[in-house]
Structure formats: C-alpha cells, structure tokens
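Note sheet for the following structure.
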Amino acid sequence: MKITIVGTGYVGLVTGACFSEVGHQVLCVDKDERKVNMLRANKMPIYEPGLDEVVARNVAAGRLRFSTSLAEGTEYAEVIFIAVGTPPGVEGQADLSYVEQVVREVAEHMSSYRLLVEKSTVPVNTAEQIKRTVLRYSRKDVAFDVASNPEFLREGTAIEDALQPDRVVVGVESERASQLLRAIYEPIIARGGGVFVEMGIASAELTKHASNSFLAMKISYINAVSRICELAGADVEQVANGMGLDRRIGRQFLKAGVGYGGSCFPKDVDAFVHLADQLGYDFDLLKNVRQINEAQRDHVMQKIRHELWVIQDKTVAILGLAFKPCTDDVREAASLYFVPRLREAGAMLRLWDPVATDNFKALYPDLAYFTDIEACVRDADLVLILTEWSQIADFGLERLRSLMKCPVVVDGRNMFDPKEMRAKGFAYHCVGRP
958 MKITIVGTGY VGLVTGACFS EVGHQVLCVD KDERKVNMLR ANKMPIYEPG
1008 LDEVVARNVA AGRLRFSTSL AEGTEYAEVI FIAVGTPPGV EGQADLSYVE
1058 QVVREVAEHM SSYRLLVEKS TVPVNTAEQI KRTVLRYSRK DVAFDVASNP
1108 EFLREGTAIE DALQPDRVVV GVESERASQL LRAIYEPIIA RGGGVFVEMG
1158 IASAELTKHA SNSFLAMKIS YINAVSRICE LAGADVEQVA NGMGLDRRIG
1208 RQFLKAGVGY GGSCFPKDVD AFVHLADQLG YDFDLLKNVR QINEAQRDHV
1258 MQKIRHELWV IQDKTVAILG LAFKPCTDDV REAASLYFVP RLREAGAMLR
1308 LWDPVATDNF KALYPDLAYF TDIEACVRDA DLVLILTEWS QIADFGLERL
1358 RSLMKCPVVV DGRNMFDPKE MRAKGFAYHC VGRP
C-alpha cells in the first residue's frame, strides 16, 4: 500500500521506515528542509540503533522517499499518518498547533477520499477537532475518515517495537477505515507482531496516556518504596525482585533510581492530569506520581551534598546525559536537573555520554565534555552516575578508583553492588539499598 507519514521526528521516521520494511510504499513529509536533505543523504536526525540501516535499505529499494511538500503527500496516498510533535504547553496540556496546521493543509489539498490517522500523542476527543477542521477547510466535498493509532515505541528498541509490537491499537468509526488499517498492519501481525485491537476513537486516544501514566506510576511507586527501604535497612532491589515474580505485577519498570524522564512520561503524565482537570476529575494519584519523581532527584542531590559537604570548587564527573541508554534524547533527563544545581553550587563539572553529548552541549555549550570515561573521571572528587550505559559497568572499579581524587560514587541507577563497592574502597551511595 501507499502511505504518507507527516513528520520525521522520532515516531514518524521510525514508523515510516518500518512500514517500508514490510513492503509498503512510504512517503515521509517534513517541512524542515534541512532534515529532509539529511535523510536523503542517509544521515539520521536522531540516534536509534539500527534505524540508519533500515532507512538506507528501503530508500535503495525504492520503498521509502522524503519530501517537504504536504501537497505531494496528500496526493500520494489514501492513508495519511499525522506524526508531528505535540509539545507540552504552559499548564501541561498538549500543544496541538502542529497537528492543526497539518490537518488544515491536508484538507485544502484533498481531492478524493483520505483516511487521516492520529499517530501523534493527542488528548482524547482530538479526532472531533480534526473532523471539524477538515470540514471547514476542505475545498471540495470529498469523503474522509479520521482514526487513532497510538504509538508505543521505546527509545533504544524502537525498530523492534515497530516490527514486533505487543499490540496494535486502532480507533475507528467506519468499516473502510478499519479495512485500510488492517491491510497496513497485516504484514506486521503476520510476522508475530502481537494482536490487532480495534476500539472507538476516544478509547484509543485515551489508551496512550493511560499506558504511559501507569508505567510512570510504577517507577514512582518503587522510588517511594526505595525511600522506605533506606530508612528500614532493606534492599529495594530484593524487594522489587520479590514483587516482580508475581505475574500480576511483573518486574519491568520496578527499577529504583533518579526517576523517569524522556519525551513521553513527563509530558503524558502532565497532559493526563490536565485533561482530567478539564473533565472535572481531580487526578490526585498522578499528581503524586509527578511529585515523587521530582522528590527523588532532590533526595539524590542530598546524598551529593552529604558527601561533598562544600560543593564549591569540587570536581564532579557526571556519567550519562541521556535520559536512558541507547538514545541521544536528553529531554527531561536527570542530567538537566543535576547540572544546573551543581553548577550553581560552584562545582567544576566534567561530562561524558557516548551519544547524547551534542544534544546536551546545545543547552550547555561552555561545560567540559569528554569522549572517554577515563579522562572524565580523572581527579574527580565525586562521580555521579545518571544513565546506566554498559560502558560504565565495563570500565572496571579498580581502574576507576585509581583515577579519582576521592573514591566517592553516587549511583543514581544502582549499577553496582554496595558490598563490592565498599570492598574496593569506595564511599558508595545508591538508591534504596543499605
């Protein structure tokens, strides 16, 4: 089938590349000419393992193209996926201006039936606004449908998630829309890609926010438990393992640390709280999830203050700037909390990350960045671990201790065993462990 994807950000580019990988003809449209030229030259605007190979393979096969013309995209395919950004507004609500702009322009260029599919994360009932916009701006009396198809991609494993999803959720109102989406996803489902779940549009729109908010809640829950573990002398890792063996709970997202970040969880929790407020429901549970996440970073900062006493003129090496491994995404990353606070306190910062440095440097260009861990930790008074990169685990504890001025490690990701760290001579602070 022919498919148009509008937006070549994280969701749009991965979705378009993977649709072409299973045999569809895909045109990805983005108004950013610089980004389109990069993609035509097989240069990825984001870091995602394996994405460059998938894009190159399908461009060479003629199944994947890039354009800056939404008019061309509207004419090209019967099915148009909208995958533009929906950044948070001032009060936490999703900014839908990019979605509205795309819908308005598509409506102006439609000359025959089109299915407009929400792929961007949008609040419930956005489909109704899309319908109104199409009817208002369409220059011809043509039939159309609107559908919802929320994405559940995880940065770092997005290709696998797109080609072998747990489930494909679609919200539709017509048999025609249902058949088109089933045809698009048939080759993915056929290769073991989970189940195809069809529901009403409002339910599909709500599923994305409900899913991400629940996962954020699991993280905040185990972080709250970690605080109790520290006070009681228990080990949160052991508690989480004991909990996770219950199939009703599961071990995933029960990892204590410095809290969740990234482009999805913080934004989606805020948007869900704002949506609930608009509908007249006080979602106190999610407000507490957000507060616990913020408090966890304050708690780890206190561990740093405790060890350094006076932060002024102390050398602090920060290992990990991305919000999680295998991505260069620094949005809402823990590093964005700790760097300004340590900097304000007078610390001399040394920063390392294997892929996220350029994105972080765009925000803080005047800091000291290092391409290898050894140079970063040399003569450090304290090492702060914020991303659980495998390079950190593989570096070697004796080597680390020999390079540091003071063997003090604050581990925001519980990467090491406390007993081993003490045996190696470190003052070691982690999360939720005695």
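With the sequence shown counted from 1, adding 957 to any position gets you this note's numbering. C-beta: ideal position from N, C-alpha, C; glycine also. In this text, all values refer to a predicted model and were calculated from it rather than measured experimentally.
>> For a minimum of 3 consecutive residues, which ranges assigned as the beta strand (DSSP E) are wholly contained in the stretch 1231-1281?
In response: 1272-1276
>> Classify Glu1075: buried if its beta carbon has 16 or more other beta carbons within 10 angstroms, exposed otherwise.
In response: By one-based count along the sequence shown, residue 1075 stands at place 118. Looking at its Cβ environment, which holds 16 or more other Cβ atoms inside 10 Å, Glu1075 is buried.
> Any idea what DSSP makes of Met1305, helix, strand or coil?
Replying inline: Start at 1 with the first residue of the sequence shown, and residue 1305 comes out as number 348. DSSP places Met1305 in the strand class (E or B) of the three-state scheme.
> Span of the beta strand (DSSP E) holding Glu1155?
Replying inline: What you label residue 1155 is simply residue 198 of the sequence shown in a count that begins at 1. From DSSP, the beta strand (DSSP E) with Glu1155 extends over Val1152 to Met1156.
> Are there 16 or more other CB atoms within 10 angstroms of the CB of Tyr1238, so buried, or fewer, so exposed?
Replying inline: Here residue 1238 refers to the residue found at position 281 of the sequence shown. Tyr1238 comes out exposed.
> Apart from the five residues on each side of it in sequence, which residues of its chain come closer than 8 Å, Cβ to Cβ, to Asn1198?
Replying inline: One-based indexing of the sequence shown puts residue 1198 at position 241. For Asn1198, where only same-chain residues beyond five positions count, the Cβ hits under 8 Å are Arg1208.
>> Given this structure, state the Cα-to-Cα distance separating Glu1048 from Phe1383, to the nearest angstrom.
In response: In the sequence shown, the residue the question calls residue 1048 occupies position 91. In the sequence shown, the residue the question calls residue 1383 occupies position 426. Each residue's alpha carbon lies about 43 Å from the other.
> Out of Leu1243, Gly1216, Asp1102 and Pro1297, which has the shortest C-alpha to C-alpha gap to Phe1229?
Replying inline: Locating residue 1229 in the sequence shown gives position 272, counting from the first residue. Among Leu1243, Gly1216, Asp1102 and Pro1297, the Cα nearest to that of Phe1229 is on Leu1243.
>> Quick check: the Cα distance between Thr1043 and Gly1007, rounded to an integer number of angstroms?
In response: Locating residue 1043 in the sequence shown gives position 86, counting from the first residue. Locating residue 1007 in the sequence shown gives position 50, counting from the first residue. Approximately 25 Å, taken between the alpha carbons.
> With 16 as the cutoff for other CB atoms within 10 Å, does Trp1346 come out buried or exposed?
Replying inline: As a first step, residue 1346 must be located in the sequence shown, where it is residue number 389. Buried, since its Cβ has 16 or more Cβ neighbours within 10 Å.
> When the Cα atoms are used, what is the spatial distance from Asn1082 to Leu1053?
Replying inline: By 1-based counting over the sequence shown, the position of residue 1082 is 125. By 1-based counting over the sequence shown, the position of residue 1053 is 96. Distance between the alpha carbons of Asn1082 and Leu1053 is about 12 Å.
> Would DSSP call Asp987 helix, strand or coil?
Replying inline: On the sequence shown, position 30 is the one that residue 987 refers to. Residue state, collapsed to three classes: coil.
> What first and last residue would you give for the alpha helix (DSSP H) that runs through Gly1201?
Replying inline: Here the question's residue 1201 lines up with position 244 in the sequence shown. Val1193 to Gly1201 is the span of the alpha helix (DSSP H), which, as asked, contains Gly1201.
> Does the distance from the CB of Ala1100 to the CB of Tyr1142 come in under 8 Å?
Replying inline: Your numbering for residue 1100 matches position 143 in the sequence shown. Your numbering for residue 1142 matches position 185 in the sequence shown. Cβ atoms of Ala1100 and Tyr1142: not closer than 8 Å.
>> Please identify the residue among Ala1134, His1066, Ile1116 and Pro1045 whose C-alpha is closest to the C-alpha of Val1036.
In response: Numbered from its first residue, the sequence shown carries residue 1036 at position 79. When only C-alpha atoms are compared, the closest one is Ala1134.
> So the alpha helix (DSSP H) Lys1088 belongs to, where does it begin and stop?
Replying inline: Within the sequence shown, residue 1088 is the residue found at index 131, counting from 1. Taken as a continuous stretch (DSSP letters only), the alpha helix (DSSP H) holding Lys1088 covers Thr1083 to Tyr1094.
> Are Leu1306 and Leu1324 closer than 8 Å when you measure CB to CB?
Replying inline: The sequence position of residue 1306 within the sequence shown is 349, counting from 1. The sequence position of residue 1324 within the sequence shown is 367, counting from 1. A contact, by the Cβ cut-off of 8 Å.
> When you compare only the Cα positions, how much space is there between Ser1105 and Ser1131?
Replying inline: For this step, residue 1105 is matched to residue 148 along the sequence shown. For this step, residue 1131 is matched to residue 174 along the sequence shown. If you take the alpha carbons of Ser1105 and Ser1131, they lie about 12 Å apart.
> Among all the DSSP beta bridges, which residues are the ones paired with Gly1128?
Replying inline: In the sequence shown, the residue the question calls residue 1128 occupies position 171. DSSP, once it has assigned bridges, lists Ser1105 and Met1156 as partnering Gly1128.
> Under 8 Å, do Leu1188 and Gly1201 count as touching if we go by C-beta distance?
Replying inline: Residue 1188 sits at position 231 when you count from the first residue of the sequence shown. Residue 1201 sits at position 244 when you count from the first residue of the sequence shown. One thing to note: Leu1188 has its Cβ no nearer than 8 Å to the Cβ of Gly1201.
> Does the beta-carbon distance from Gly1128 to Glu1085 come in below 8 Å?
Replying inline: Within the sequence shown, the letter at position 171 stands for residue 1128. Within the sequence shown, the letter at position 128 stands for residue 1085. In this structure, Glu1085 does not lie closer than 8 Å to Gly1128 by Cβ.
> Tell me the DSSP bridge mates of Glu1075?
Replying inline: Counting from 1 along the sequence shown, the entry for residue 1075 is found at position 118. Beta-bridge partners of Glu1075 (DSSP): Ile1039 and Ser1105.
> Under 7 Å from any heavy atom of the ligand GDP, does the C-beta of Lys1175 make it?
Replying inline: By its list of ligands, the structure shown contains no ligand whatsoever, and the ligand GDP lies outside what it can speak to.
> For the candidate residues Ala1028, Val1196 and Ala1181, whose alpha-carbon lies nearest to that of Leu1063?
Replying inline: Along the sequence shown, one-based indexing puts residue 1063 at 106. What sits at residue 1063 in the sequence shown is Val, not Leu. Residue Ala1028 is the option with its Cα nearest to Val1063.
> Is the stretch 1330-1341 close to the stretch 1255-1272, with three or more CB pairs under 8 Å?
Replying inline: yes
> If we ignore side chains and look at the alpha-carbon of each, how far apart do Leu1299 and Ile1342 end up?
Replying inline: On the sequence shown, position 342 is the one that residue 1299 refers to. On the sequence shown, position 385 is the one that residue 1342 refers to. So the two alpha carbons sit approximately 14 Å from each other.
> How many Å lie between Glu1251 and Asn1180 at the Cα?
Replying inline: To locate residue 1251, count along the sequence shown from 1; it is residue 294. To locate residue 1180, count along the sequence shown from 1; it is residue 223. Rounded to the nearest angstrom, the two C-alpha atoms are 11 Å apart.
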